[in-house]
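Participant: Read in order, the letters of the sequence shown correspond to residues -10 to 598 in our numbering. We put the beta carbon where it would ideally sit given N, CA and C, even for glycine. Note that the structure is a prediction, hence the values are computed from the model and not measured. Shown below is the structure under consideration.
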Amino acid sequence: MGTGTDTRISDNGRIVTSLDRIRCLSIIAHIDHGKSTLADRLLEMTGAVDPRDMRAQYLDTMDLERERGITIKAQNVRLEWNGYIVNLIDTPGHVDFGYEVSRSLAACEGVVLLVDASQGIEAQTLANCYLAMESDLTIVAALNKIDLPAAEPDKRAQEIERVLGIPAGDVLRISAKTGAGVRELLDAIVDRIPAPKGDPDAPLQALMFDSIYDAYRGVVSSVRVFNGVLRSGARLRYVNAQRDHDAEEIGVRLPVLTPVATLGPGEVGYLIAGIKDVGEAKVGETVTDAARRAEALAGYREPKPMVFCGLYPVEGDEYADLREALERLRLNDSSFTYEPETSGALGFGFRCGFLGLLHMEIVRERLEREYNLSLVASSPNVEYRLQLTDGSTEVVDNPSSMPTPQQIEAIEEPYVRTTILTPTEFVGTLMELSQQRRGEMEKMEYLSEDRVELVYVLPLAEIVLDFFDQMKSRTRGYASLDYEPVGYRRSDLVKVDVLLNATPVDAFSAIVHRDRAYEYGKKMTSKLRQLIPRQLFDVPIQAAIGGRIIARETVKAKRKDVLAKCYGGDISRKRKLLERQKEGKKKMKQIGRVEVPQEAFVAALRLDE
């Protein structure tokens, strides 16, 4: 274990923990491989939480995380084990939240790589492990769920050695549920993960790797100190924001927030500086002394939104509430973007960018739950690059802002490299699905006799709608998916407009591949025919590419019986009444507007259909 003394006295007489007594690590794994359960056992075994207060998924504080059984926000906690301080950061496993993982790794020296002993290596296991290797972190591999009847620890350890190059003999066997092997894992963490480096006498450099907004105290930031000492009450400089603030309170999560006087190099804690403006405490910010300034730490990639959709309040007067909710949520999750937009059909709203579909669902659900809003979301889109006939380039993430077909020379769309790990029996059906979605196979590799890795290059637009659901249903939930962007490629895309009574409805426009345009138009028109209430005149519903109609349905008019009082008598009188009714309907059709009820928008834009 460590060699140094337990503490050292700093200049001002305060006790600062010796660097070689500190370990900073993250737990990384595929979704549902037991990260949060392992965090629970570590909290229990190190005595951080009173057994009476213990509950499952202790670090997952959001209702959504508990209901879905997934981690959305990275969490951190300080544990003590055999005289060592272990700073633990629990990270999410879903592909959309890979961004949370990358920023957590920036604050660590090592990771615990958790693999399910029954399922083996999955797509996100690989992606997160490569992230850790890129950051040059020490990896402690552990097979979890060895208590399951289906567990095959020896076989899976060999798989880890073959795919990731970690010797099978070094892979620990644990059960986060029963606690078996967790003490040995704690010892391995202390033995194998290197102590942080840092100079307490250098100017302060601390990295902000997470922030949450507290209505009473402002922004509560999670920080990792690299150099210098962070002192309570000190005047601090936020390097990227170029603002000064006072450290009102600093402390550590035990996991209850506990104030301390100082945080030295290698320590992880929280900082409250009375910041009320959410934009001033961005994740990736470097905090230093206002008097003795240091350089900014090398940040990590700014997350780039991949999927865009419009969010509109059902009630128009909730627009201001939606803007405030987005501002607040943006602090807790700085990986989505938003800007105001107006739709002729839906009124005022915001165009939002997300990392993926699950991310979009989570943000929308959080807005509705935490801020009591009722929202309509337009169809998800990706960002297209247009080469125009005048030689210029334009970026479009909303079909309604697309120029006319005559102005467009070519359209490029984003492509992603998709890695699918699947049992061998489902290879055929997954290849068929990927080819239907315009995919090109790059490689197919057997990881073991019963598991295959398929790598396809696919257009992102084909993935964002229902690729994940289709993949899961075709493989009974056994396949796993990860993707990374590989740039833009030229495609034969067209914009399909939906017209009601010859008036385009921007909310229903979509950019689709030319081969799929007719199918989309037919589906949308027949769906809307069932949803739009009958008017006093015929309402044609048309799908068009430019000026060419490709599909049409008609909502028939309501008809008043104008002949009810005509018993027998002259036929010309009846004709006259019918002609007058016909004239009235014709005039009504010219001046009449079709009001689309809100329910029709919600139903037509339902993402899961």
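1) Quick check on DSSP: helix, strand or coil for residue 233?
2) Would you tell me roughly how many angstroms separate the C-alpha atoms of residue 477 and residue 470, rounded to the nearest one?
3) Taking only the alpha-carbon atoms, compute the straight-line gap between residue 411 and residue 221 and give it to the nearest angstrom.
4) Excluding the five sequence neighbours on either side, which residues of its own chain have a C-beta within less than 8 Å of the C-beta of residue 419, listed in chain order?
5) Using the rule of at least 16 other Cβ atoms within 10 Å of the residue's Cβ for burial, across every protein chain shown, is residue 609 buried or exposed?
6) Let me know the secondary structure DSSP gives residue 643 once reduced to three states.
7) Relative to the C-alpha of residue 295, which candidate in 452, 518, 234 and 74 has its C-alpha closest?
8) Could you check where the alpha helix (DSSP H) with residue 348 kicks off and where it finishes?
9) Using DSSP's beta-bridge definition, name the partner residues of residue 376.
10) Considering only C-alpha positions, which residue in the set 246, 271, 335 and 269 is nearest to residue 299?
11) Can you list, in chain order, the residues of its chain whose CB lies under 6 Å from that of residue 210, leaving out five sequence neighbours each side?
12) Can you tell me the Cα-Cα spacing of residue 501 and residue 403, whole angstroms?
13) My assumption, with CB atoms under 8 Å, is that residue 229 sits in contact with residue 277. Please give the rounded CB distance.
14) What does residue 170 pair with, by DSSP beta-bridge criteria?
15) Which stretch, first to last residue, makes up the beta strand (DSSP E) that contains residue 133?
16) Per DSSP, which residues does residue 330 bridge with? Please list them.
17) In angstroms with no decimal places, state the Cα-to-Cα distance between residue 415 and residue 440.
18) So, with DSSP's three-state summary, where would you put residue 618?
19) Kindly indicate which residue of 217, 533 and 339 has the alpha-carbon position closest to the one of residue 188.
20) Grouping DSSP H, G and I as helix and E and B as strand, with all else coil, what is residue 480?
21) What's the gap between the Cα of residue 70 and the Cα of residue 178?
22) Helix, strand or coil: which one does DSSP assign to residue 458?
23) Return the CA-CA distance between residue 399 and residue 111, expressed in angstroms with no decimal places.
24) Could you give the DSSP three-state label for residue 343: helix, strand or coil?
25) Please list the terminal residues of the continuous beta strand (DSSP E) segment that includes residue 531.
26) Starting from the C-beta of residue 82, find all residues in its chain whose C-beta is less than 6 Å away, skip the five residues before and the five after it, and write them out in chain order.
27) Specify the secondary structure class of residue 499 as computed by DSSP and reduced to three states.
28) Is residue 186 helix, strand or coil by DSSP?
29) Could you tell me the distance, in whole angstroms, from the CA atom of residue 310 to the CA atom of residue 358?
30) How would you label residue 614, buried or exposed, when you count the other beta carbons within 10 angstroms and need 16 or more for buried?
31) Taking Cβ to Cβ, would you say residue 365 is nearer than 7 Å to residue 301?
32) Spell out the partners DSSP gives residue 298 in its beta bridges.
33) Enumerate, from N- to C-terminal direction, the unbroken beta strand (DSSP E) stretches of 3 or more residues contained entirely within the segment 204 to 255.
34) Looking at the structure shown, is residue 25 part of a helix, part of a strand, or coil, going by DSSP?
35) Just to confirm my understanding: we take residue 487, look at its own chain, exclude 5 residues before and 5 after, and list those with CB closer than 6 Å. What are they?
36) Please list, in chain order, all residues of the same chain as residue 456 whose beta carbon is under 7 Å from its beta carbon, the five residues on each side excluded.
Facilitator: Here's the rundown:
1) Residue 233 falls in the strand class under three-state DSSP.
2) Residue 477 and residue 470 have their C-alpha atoms roughly 21 Å apart.
3) 52 Å
4) 409, 411, 443, 460, 463, 464 and 468
5) Any question about residue 609 goes unanswered here, given that the chain covers just -10 to 598.
6) Absent from the model: residue 643. The displayed extent of the chain is -10 to 598, so no value can be given.
7) 452
8) 346 to 359
9) 382 and 399
10) 335
11) 197, 200, 260 and 270
12) 13 Å
13) Not a contact, Cβ separation roughly 11 Å.
14) The partner list for residue 170 (beta bridge, DSSP) is empty, contrary to what the question assumes.
15) 127 to 133
16) Answer by DSSP bridge pairing, in chain order: 338.
17) 10 Å
18) This structure cannot settle anything about residue 618, because the visible part of the chain is limited to -10 through 598.
19) Of the candidates 217, 533 and 339, 217 places its Cα closest to the Cα of residue 188.
20) strand
21) 10 Å
22) helix
23) CA-to-CA, the gap between residue 399 and residue 111 works out to about 38 Å.
24) strand
25) 528 to 534
26) Unreliable positioning characterises residue 82 in this predicted model, as indicated by a pLDDT of 48, which lies under 50. The coordinate reading is nonetheless provided below. Around residue 82: 18, 19, 20 and 113.
27) For residue 499, the secondary structure class from DSSP, reduced to helix, strand or coil, is strand.
28) DSSP places residue 186 outside both helix and strand once states are collapsed to three, so it counts as coil.
29) 13 Å
30) Since the first residue shown for the chain is -10 and the last is 598, residue 614 is missing from the structure and cannot be characterised.
31) yes
32) 341
33) 207 to 216, 224 to 227, 232 to 235, 238 to 242 and 246 to 249
34) helix
35) The residues are 494, 497, 513 and 532.
36) 426
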